[in-house]
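Heads up: the sequence shown begins at 540 in our numbering, then just goes up one per residue.
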Amino acid sequence: MPLVLPLLLAVLLFCLGVYGVLARRNAITMLMSFELMLNAVNLNLVAFDAWRLDGLATGQTLAVFVITLAAAEIGLGLAIVLLLFRGHGHVDADLARDLREQPELQENEL
Numbered sequence: 540m541p542l543v544l545p546l547l548l549a550v551l552l553f554c555l556g557v558y559g560v561l562a563r564r565n566a567i568t569m570l571m572s573f574e575l576m577l578n579a580v581n582l583n584l585v586a587f588d589a590w591r592l593d594g595l596a597t598g599q600t601l602a603v604f605v606i607t608l609a610a611a612e613i614g615l616g617l618a619i620v621l622l623l624f625r626g627h628g629h630v631d632a633d634l635a636r637d638l639r640e641q642p643e644l645q646e647n648e649l
C-alpha cells in the first residue's frame, strides 16, 4: 500500500479534530476532538514505521506512548467534566470561565 493513503486519512482525522476543538464548546466534544488528533498522530507514526522497514518498530513504540498519554488525558478530562457538571449543571467551555482563580484582595484594598 502506498504511503499517501494513510497520510491522507491522518490529515482528514487531524482536520476534523481541529475543527471540533475550535468550533464546538461542549467539553466532551472537545475531548473527543483531542482524541481524533492523537489518533491521527498514531496513524502517521505507524505508517512511517511500516514504510521505513528498519525492524526497530520505533513508530509503533511511540504510538504506544501516545495511546498511554491519551488514556491519561481522557481520564483527567472526564474527571474535570464531571466536576463541572456537578457544580454548574453544564459542560459548556465558554460558560466555565468562572472557574479561574480570582486574585486575592489585599487588606489595604478592602
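Backbone N, C-alpha and C fix where the C-beta goes; we use that ideal spot for every residue, glycine too.
Outcome for residue i when other beta-carbon atoms lying within 10 angstroms are tallied against a minimum of 16
i	result
Val-543	exposed
Met-540	exposed
Val-630	buried
Leu-617	exposed
Beta-bridge partners of residue i, as assigned by DSSP
i	result
Asp-631	Asn-565
Residues of its chain near residue i, where Cβ-Cβ distance is below 6 Å and the 5 sequence neighbours each way are ignored
i	result
Leu-546	none
Asn-581	Ala-602, Val-605
Same chain only: Cβ atoms within 8 Å of residue i, ignoring 5 sequence neighbours per side
i	result
Ser-572	Leu-555, Gly-556, Val-557, Tyr-558, Gly-559, Val-560, Arg-563
Asn-565	Val-630, Asp-631, Ala-632
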